[in-house]
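Colleague: Sharing a structure here in structure tokens format.
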Amino acid sequence: MTRTVATRVLAPPPRLGKGVSAFPLASAMVWSGAGHPHEAVAVPGVRLAPGDVLVEVELTTVCGSDVHTVAGHRAAPTPLVLGHEQVGRVVAVGRGGARSVEGVRLEIGTRVVWSVVVACGRCARCRRGLGHTCLNLQKYGHERMRRGWELSGGFATHVHVLAGTAIVIAPEHLPAAVLAPASCATATVAAVLEAASAIVPIENSVVVIAGAGMLGLTAAAMAKDAGAHVVVSDPDEARRRGALAFGADAVADPRAAATHPSSLAAAIAAAGGRGSGCTIALELSGSASAVRTLVDLVDVGGVVIFAGTVSPGAGLRVDPEHIVRRLLTIRGVHNYAPRHLEQAVAYLAGAWQRYPFAQQVARVLPLEAVDEALALAAVSGPRIGLSPTQP
1033 MTRTVATRVL APPPRLGKGV SAFPLASAMV WSGAGHPHEA VAVPGVRLAP
1083 GDVLVEVELT TVCGSDVHTV AGHRAAPTPL VLGHEQVGRV VAVGRGGARS
1133 VEGVRLEIGT RVVWSVVVAC GRCARCRRGL GHTCLNLQKY GHERMRRGWE
1183 LSGGFATHVH VLAGTAIVIA PEHLPAAVLA PASCATATVA AVLEAASAIV
1233 PIENSVVVIA GAGMLGLTAA AMAKDAGAHV VVSDPDEARR RGALAFGADA
1283 VADPRAAATH PSSLAAAIAA AGGRGSGCTI ALELSGSASA VRTLVDLVDV
1333 GGVVIFAGTV SPGAGLRVDP EHIVRRLLTI RGVHNYAPRH LEQAVAYLAG
1383 AWQRYPFAQQ VARVLPLEAV DEALALAAVS GPRIGLSPTQ P
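This is the structure we're talking about:
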């Protein structure tokens, strides 16, 4: 389904690609480094190559990685347009048109979400089906702002979506607050659960999830709906309560002693596990201590998936004998394939009214208030949203 969009697109005679200008004028909030506020930069024109799409942003949400970047915890090129969780509507398409992952031709007004990565489709990794680790990888909200790709992140009125990006049509009935994180947390969790289920079936397994942020909450709901017995571990009591609302059978405080009622062992027993172990462990917190705990916790023949650590941290010392004798599988998941974004949107379409996904965006601020949003996101559990049309 398509709808009329607020942006009027002016198309001058093209030379290289298809040149378009948005009215009202497109703009991006540009970050120039730690300690500097964002600056609004007007983008008077965009040249769309074949297969490119210009999308008017409906809502973008602040991810924890955005917070880590401005805090200086992640290396990032500048100037930079942050943001990679968003939903919007197509306002212009490059020559030859563009299609969604589902194979549907994109029309003006189509509501869409898109992947965080742009793959070249030609390199050795792309040919192996690993486009999300493409040797020529580009990522929305992570690349230096440059001529020809100024609208490269979600903290903008529009995003220039490049050919090679997985685009999924977004159902009209889904709230923007539910859809925006699909291109980050939801699709990542779909990839995580696929990786785990390749080793151990999700159904009837005890799944321990470290971290009750957006990744952990989404994993709890998706694993529960796949038939798992779900335990979520997080040191924050409020976040543990939130996990129960997302389907967790039991929650644990990772700091609690093994004999304490709030320990992981007690939670696993309460969730229906045998002994004190689990068969699937998902590290979605980025905590070094959680990594160590899960490797020790998982039962014989189990699998541990690491997806929460995306910046340099303390090294992990593992005794190879522990891995060999316990038949353990340890896998990392970073980014995701186009099918995972498609699965994410389909899942949210069926689950958003059973779990409080919409409440995970606590506030929506005007786009110009991006620095305030980042400050709030640094201390807030739920996401903070930014809308170009928010008064």
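Under my numbering, the sequence shown is numbered contiguously, ending at residue 1423.
For each residue, glycine too, the CB sits at the ideal point set by N, CA and C.
1. When you compare only the Cα positions, how much space is there between residue 1416 and residue 1290?
2. Considering only the alpha carbon of each residue, which of 1409, 1177, 1171, 1207 lies closest to residue 1385?
3. What residue does the beta strand (DSSP E) around residue 1355 start on, and which one ends it?
4. Tell me whether residue 1053 counts as near the ligand ZN, meaning its Cβ is closer than 7 Å to at least one heavy atom of that ligand.
5. Under 6 Å Cβ to Cβ from residue 1421, same chain only, skipping five residues before and after it: list those, please.
6. Is the beta carbon of residue 1218 closer than 8 Å to that of residue 1387?
7. Among the residues of its own chain, which have a CB less than 6 Å from the CB of residue 1130, if the five just before and after it don't count?
8. Give the straight-line distance between the Cα atoms of residue 1335 and residue 1298, rounded to the nearest whole angstrom.
9. By how many angstroms is the C-alpha of residue 1271 removed from the C-alpha of residue 1372?
10. In chain order, what residues of the same chain lie with their CB nearer than 6 Å to the CB of residue 1362, ignoring the 5 residues before and after it?
11. Below 8 Å between beta carbons: does that hold for residue 1224 and residue 1374?
12. Out of curiosity, what's the CA-to-CA distance linking residue 1413 and residue 1169?
13. Please confirm whether residue 1071 and residue 1078 have their CB atoms less than 8 Å apart.
14. By DSSP, does residue 1245 sit in helix, in strand, or in coil?
15. Expressed to the nearest angstrom, what Euclidean distance is found between the alpha-carbon atoms of residue 1403 and residue 1073?
16. If I'm right that residue 1113 touches residue 1067 with Cβ under 8 Å, what's the distance once you round it to whole angstroms?
17. Look up residue 1426 in the DSSP assignment and say whether it is helix, strand or coil.
18. Can you list, in chain order, the residues of its chain whose CB lies under 7 Å from that of residue 1048, leaving out five sequence neighbours each side?
19. Just verifying my parser: in three-state terms, what is the DSSP assignment at residue 1349?
20. Distance check for residue 1124 and residue 1046, CA to CA, integer angstroms please.
21. Ignore the nearest five residues each way along the sequence and tell me which others in residue 1323's own chain have a CB closer than 6 Å to its CB.
22. I want to know whether the region 1237–1248 touches the region 1258–1268 - three or more CB-CB distances under 8 Å.
23. Indicate whether residue 1173 and residue 1110 have their beta-carbon atoms separated by less than 8 Å.
24. Counting C-beta neighbours from all protein chains within 10 Å, is the total for residue 1036 16 or more, i.e. buried, or is it exposed?
25. Is it right to say residue 1331 is buried, meaning 16 or more other beta carbons lie within 10 angstroms of its own, or is it exposed?
26. For residue 1303, I'd like the list of residues in its chain whose CB is within less than 7 Å of its CB, leaving aside the five on either flank, ordered along the chain.
27. Between residue 1317 and residue 1340, is the Cβ-Cβ spacing less than 8 Å?
28. Which one or two residues does DSSP pair with residue 1310 in a beta bridge?
29. Since residue 1296 is in the alpha helix (DSSP H), which residue starts that stretch and which ends it?
30. Mark residue 1076 as exposed unless 16 or more other C-beta atoms lie within 10 angstroms of its C-beta, in which case mark it buried.
31. Can you list, in chain order, the residues of its chain with a C-beta nearer than 8 Å to that of residue 1234? Leave out the 5 residues immediately preceding and following it.
32. What's the gap between the Cα of residue 1146 and the Cα of residue 1338?
33. Does the beta carbon of residue 1389 sit closer than 8 Å to a beta carbon anywhere in chain B?
34. Can you round the beta-carbon distance between residue 1115 and residue 1153 to whole angstroms, since I take them to be within the 8 Å contact cut?
35. Alpha carbon to alpha carbon, how far is residue 1175 from residue 1108?
36. For residue 1269, which of helix, strand or coil comes out of DSSP?
Modeller: In brief:
1. 36 Å
2. 1207
3. Element bounds for residue 1355: not the beta strand (DSSP E) but the alpha helix (DSSP H), 1352–1357.
4. With respect to the ligand ZN, the structure offers nothing, as it holds no ligand at all.
5. none
6. no
7. 1083, 1085, 1138
8. 21 Å
9. 26 Å
10. 1336
11. no
12. 30 Å
13. no
14. coil
15. 15 Å
16. Actually they are not in contact, since the Cβ atoms of residue 1113 and residue 1067 sit about 18 Å apart, beyond 8 Å.
17. The requested residue 1426 does not occur in the structure, where the chain is confined to residues 1033 to 1423.
18. Any reading at residue 1048 must be qualified, since the residue scores a pLDDT of 46, below 50, and its modelled position is unreliable; the value itself is stated next. Result list for residue 1048: 1079, in chain order.
19. coil
20. Any answer about residue 1046 is weak, because its pLDDT of 44 lies below 50 and its placement is not dependable; what the coordinates show is given next. Distance between the alpha carbons of residue 1046 and residue 1124: 14 Å.
21. 1315, 1348
22. yes
23. no
24. Per-residue confidence for residue 1036 stands at a pLDDT of 49, beneath the threshold of 50, marking its modelled position as unreliable; no derived number is given.
25. buried
26. 1238, 1261, 1262, 1263, 1281, 1282
27. yes
28. 1330
29. 1296–1302
30. exposed
31. 1225, 1228, 1255, 1258, 1259, 1260, 1312
32. 23 Å
33. The structure shown contains no chain B, having only a single protein chain.
34. No, residue 1115 and residue 1153 are not in contact; Cβ-Cβ is about 24 Å, not under 8 Å.
35. 8 Å
36. helix
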